[in-house]
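Trainee: The letter at position 131 of the sequence shown is residue 131 when you use full-length UniProt numbering, and the numbering goes up by one with no holes.
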Amino acid sequence: MDILYQFKTKLLETINALYWRERPSTQWDSRRETPRSAGHVAPSAFIHNLPRELLIEIFLSALENPLDVHRLSSVCKYWRGTILNCPYYWQVIDSRQGKRCWPQILRRGKNGPLIAQIRVCKVPWYGTDPIPHLIQLITPESRRIHAIDWTVEPSTPYFQPFFENVSLLHLTKLTVSVWPWVPVPVPIHIGDGVPLRQLDLDRVTIPWDTPRLGGLETLSLSNLNGDSPTLPQLRHILLSAPLLRHLSISNWRAESTPGFWATQVSSITLPSLTVLEVRSLSAIVHSRLLSMLDVPSLTKVLWNCADGWALALGPLLLRRSAQCVKASPEIVINWYKKNHTLHIRSKMRDEWSKPQDTIESCKSVDLSIQTSNGFRLIKQVGRLLSNTSSILFETDSKRAAKRVRRLALRSNALIEVQDFISLC
Numbered sequence: 001m002d003i004l005y006q007f008k009t010k011l012l013e014t015i016n017a018l019y020w021r022e023r024p025s026t027q028w029d030s031r032r033e034t035p036r037s038a039g040h041v042a043p044s045a046f047i048h049n050l051p052r053e054l055l056i057e058i059f060l061s062a063l064e065n066p067l068d069v070h071r072l073s074s075v076c077k078y079w080r081g082t083i084l085n086c087p088y089y090w091q092v093i094d095s096r097q098g099k100r101c102w103p104q105i106l107r108r109g110k111n112g113p114l115i116a117q118i119r120v121c122k123v124p125w126y127g128t129d130p131i132p133h134l135i136q137l138i139t140p141e142s143r144r145i146h147a148i149d150w151t152v153e154p155s156t157p158y159f160q161p162f163f164e165n166v167s168l169l170h171l172t173k174l175t176v177s178v179w180p181w182v183p184v185p186v187p188i189h190i191g192d193g194v195p196l197r198q199l200d201l202d203r204v205t206i207p208w209d210t211p212r213l214g215g216l217e218t219l220s221l222s223n224l225n226g227d228s229p230t231l232p233q234l235r236h237i238l239l240s241a242p243l244l245r246h247l248s249i250s251n252w253r254a255e256s257t258p259g260f261w262a263t264q265v266s267s268i269t270l271p272s273l274t275v276l277e278v279r280s281l282s283a284i285v286h287s288r289l290l291s292m293l294d295v296p297s298l299t300k301v302l303w304n305c306a307d308g309w310a311l312a313l314g315p316l317l318l319r320r321s322a323q324c325v326k327a328s329p330e331i332v333i334n335w336y337k338k339n340h341t342l343h344i345r346s347k348m349r350d351e352w353s354k355p356q357d358t359i360e361s362c363k364s365v366d367l368s369i370q371t372s373n374g375f376r377l378i379k380q381v382g383r384l385l386s387n388t389s390s391i392l393f394e395t396d397s398k399r400a401a402k403r404v405r406r407l408a409l410r411s412n413a414l415i416e417v418q419d420f421i422s423l424c
């Protein structure tokens with residue numbers, strides 16, 4: 001079990017124990033067997049002797065609800081100063097926290113940046129939607145809002161007016177997702193202000209010519225069609241963002257945008273881009289996007305296709321991903337004859353034991369290629385690997401397994417073949 005999960009569980013148990021000891025005795029509480037004592041109760045020495053910086057990180061993971069933060073600070077003298085003096089606790093206002101917490105958060109963090117997190121809320125027939133009240137509270141604080149993370153239903157009446165009427169001059173991180181699915185993305189207006197650093201849109205479009213896209217470091221676009229950016233617009237966005245490090249595109253129906261078939265775009269070099277994720281595009285969009293991007297600093301690539309594509313794109317995709325393939329110490333290749341799909345991915349056994357910043361810097365590859373001749377691409381992968389690399393090849397084809405075993409004898413790489421038919 002994760003050690004952080006164990007610590008969080010014990011920490012919340014400690015909070016509950018302290019809370020019940022400090023509450024006045026009632027008839028209902030008298031039935032409990034929880035012992036009570038007067039005054040503050042000291043936590044275990046292991047916990048309250050930890051460095052303040054480590055305590056803050058643990059609390060940030062364990063205490064997502066400010067109600068728990070307030071409850072702990074009211075009963076524990078050791079942590080009260082740490083909690084109340086940590087600005088981050090009072091920078092995040094979340095729709096799930098409830099109406100009682102919102103004024104307290106805005107009051108305590110009135111001088112710092114504000115992060116607004118708004119989620120879809122199921123309102124009972126006898127109740128009212130609390131989100132309009134939250135919007136009413138944060139609108140006067142619009143100059144403090146640096147990040148918005150909003151999941152919204154398409155029929156919500158206050159969603160689009162919020163972006164039209166509220167000035168978000170200092171907004172640097174915008175994450176918006178429309179749920180459930182809608183056939184046409186919902187347009188929103190973001191206005192003028194400082195450049196955005198992180199943009200994540202799911203079934204949502206913005207004015208793609210806004211100058212606020214010039215400082216992007218992370219761009220994620222999902223489920224876009226109709227008024228989605230055209231291929232030339234996407235090229236212009238990428239060219240105007242020299243600091244872009246992470247690009248993710250999925251379910252982008254660019255072929256339905258005006259002028260797609262008559263437009264030819266030249267290739268561009270993205271020197272800072274290290275992470276590239278592409279999922280569920282049509283064959284023609286895959287081809288044009290692959291031909292357009294030149295990514296010399298790539299460290300992580302995930303490229304999955306929805307439709308079948310020409311075999312010629314497979315070698316091109318491998319050439320684009322060559323540095324990630326070469327740097328991967330362990331490669332798993334799945335070749336399934338039934339669906340003509342070749343899956344190439346890095347195997348990272350200890351991924352979850354590494355810090356997140358270490359994982360991002362690791363060289364890794366995850367490619368899904370639909371082709372009728374997977375052996376040709378497997379040979380290309382074999383040429384990229386050195387004698388320090390190992391390959392696990394899994395297949396449902398005896399012929400493919402036999403050919404790869406022959407390739408293993410001629411290659412410097414360590415190749416292990418697993419034939420599912422022989423195992424049956």
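Note that CB positions come from ideal geometry on N, CA and C, so glycine has one too.
Taking the C-alpha atoms as reference points, what is the distance between Ala254 and Phe260?
Mentor: For the purposes of this step, residue 254 is identified with residue 254 of the sequence shown, where counting begins at 1. For the purposes of this step, residue 260 is identified with residue 260 of the sequence shown, where counting begins at 1. One C-alpha to the other measures close to 7 angstroms.
Trainee: Please work out which residues of its chain come closer than 6 angstroms, Cβ to Cβ, to Thr269, disregarding the five sequence neighbours upstream and downstream, and give them in chain order.
Mentor: Walking along the sequence shown from the start, residue 269 turns up at place 269. Taken in chain order, the residues that qualify are Asp294.
Trainee: Quick check on DSSP: helix, strand or coil for Arg23?
Mentor: Mapped onto the sequence shown, residue 23 falls at position 23. Below a pLDDT of 50, predicted positions are generally treated as unreliable, and Arg23, at 45, falls in that range; no measurement from the model is reported.
Trainee: Identify every residue that forms a DSSP beta bridge with Trp181.
Mentor: The residue labelled residue 181 in the question sits at position 181 within the sequence shown. None; Trp181 has no bridge partner.
Trainee: Let's see if you can read the secondary structure: which residues bound the alpha helix (DSSP H) around Glu164?
Mentor: Within the sequence shown, residue 164 is the residue found at index 164, counting from 1. First-last of the alpha helix (DSSP H) with Glu164: 159-165.
Trainee: Write down the C-beta distance between Leu276 and Val325 rounded to the nearest angstrom, noting that I regard them as a contact closer than 8 angstroms.
Mentor: Translated into positions along the sequence shown, residue 276 becomes position 276. Translated into positions along the sequence shown, residue 325 becomes position 325. Not confirmed; about 14 angstroms, so no contact.
Trainee: Given a cut-off of 8 angstroms on the beta-carbon distance, is the pair Arg203 and Pro232 in contact?
Mentor: As a working note, residue 203 is residue 203 in the sequence shown. As a working note, residue 232 is residue 232 in the sequence shown. The beta carbons of Arg203 and Pro232 sit no closer together than 8 angstroms.
Trainee: Just checking my contact of Ile344 with Val381 at CB under 8 angstroms: how many whole Å lie between their CB atoms?
Mentor: As a position in the sequence shown, residue 344 is number 344, starting the count at 1. As a position in the sequence shown, residue 381 is number 381, starting the count at 1. Confirmed, Cβ separation roughly 6 angstroms.
Trainee: Return the chain-ordered ranges of every alpha helix (DSSP H) run that is complete within the segment 261-323 and spans a minimum of 4 residues.
Mentor: Annotation: the segment 261-323 contains the following complete segments of the alpha helix (DSSP H) (minimum length 4 residues), in chain order: 283-292, 313-320.
Trainee: Could you check which residue in Val404, Asp366, Arg399 has the C-alpha nearest to that of Ile378?
Mentor: As a position in the sequence shown, residue 378 is number 378, starting the count at 1. Taking only the C-alpha atoms, the option nearest Ile378 is Val404.
Trainee: Taking the alpha-carbon positions, what's the Asp129 to Gln136 distance?
Mentor: The residue given as residue 129 occupies position 129 in the sequence shown. The residue given as residue 136 occupies position 136 in the sequence shown. Spanning the two alpha carbons is a distance of roughly 13 angstroms.
Trainee: Roughly how many angstroms lie between the CA atoms of Cys86 and Gln104, to the nearest whole one?
Mentor: Here residue 86 corresponds to residue number 86 of the sequence shown, with the count starting at 1. Here residue 104 corresponds to residue number 104 of the sequence shown, with the count starting at 1. Between Cys86 and Gln104, the C-alpha separation is close to 14 angstroms.
Trainee: If you count every other CB in all the chains shown that lies within 10 Å of the CB of Pro24, and 16 or more means buried, which is it?
Mentor: Taking the sequence shown and counting its residues from 1, one reaches residue 24 at position 24. Unreliable positioning characterises Pro24 in this predicted model, as indicated by a pLDDT of 42, which lies under 50. The coordinate reading is nonetheless provided below. That one is exposed.
Trainee: Where does Gln91 fall in DSSP's three states?
Mentor: In the sequence shown, counting from the first residue as 1, residue 91 sits at position 91. The answer is coil: DSSP assigns Gln91 none of H, G, I, E or B.
Trainee: In angstroms, rounded to a whole number, what distance separates the CA positions of Leu409 and Asn334?
Mentor: As a working note, residue 409 is residue 409 in the sequence shown. As a working note, residue 334 is residue 334 in the sequence shown. Roughly 19 angstroms separates the two Cα atoms.
Trainee: If we ignore side chains and look at the alpha-carbon of each, how far apart do Ile331 and Leu313 end up?
Mentor: Here residue 331 corresponds to residue number 331 of the sequence shown, with the count starting at 1. Here residue 313 corresponds to residue number 313 of the sequence shown, with the count starting at 1. One alpha carbon belongs to Ile331, the other to Leu313, and they sit about 20 angstroms apart.
Trainee: With a 10 Å radius around its C-beta and 16 neighbouring C-beta atoms as the bar for buried, classify Asn339 as buried or exposed.
Mentor: Here the question's residue 339 lines up with position 339 in the sequence shown. When all chains shown are included, Asn339 counts as exposed.
Trainee: For Glu217 and Arg235, what's the separation of their Cα atoms in angstroms?
Mentor: As a working mapping, residue 217 is identified with position 217 in the sequence shown. As a working mapping, residue 235 is identified with position 235 in the sequence shown. Near 15 angstroms, if we compare the C-alpha coordinates of Arg235 and Glu217.
Trainee: Helix, strand or coil: which one does DSSP assign to Ala327?
Mentor: For the purposes of this step, residue 327 is identified with residue 327 of the sequence shown, where counting begins at 1. Helix.
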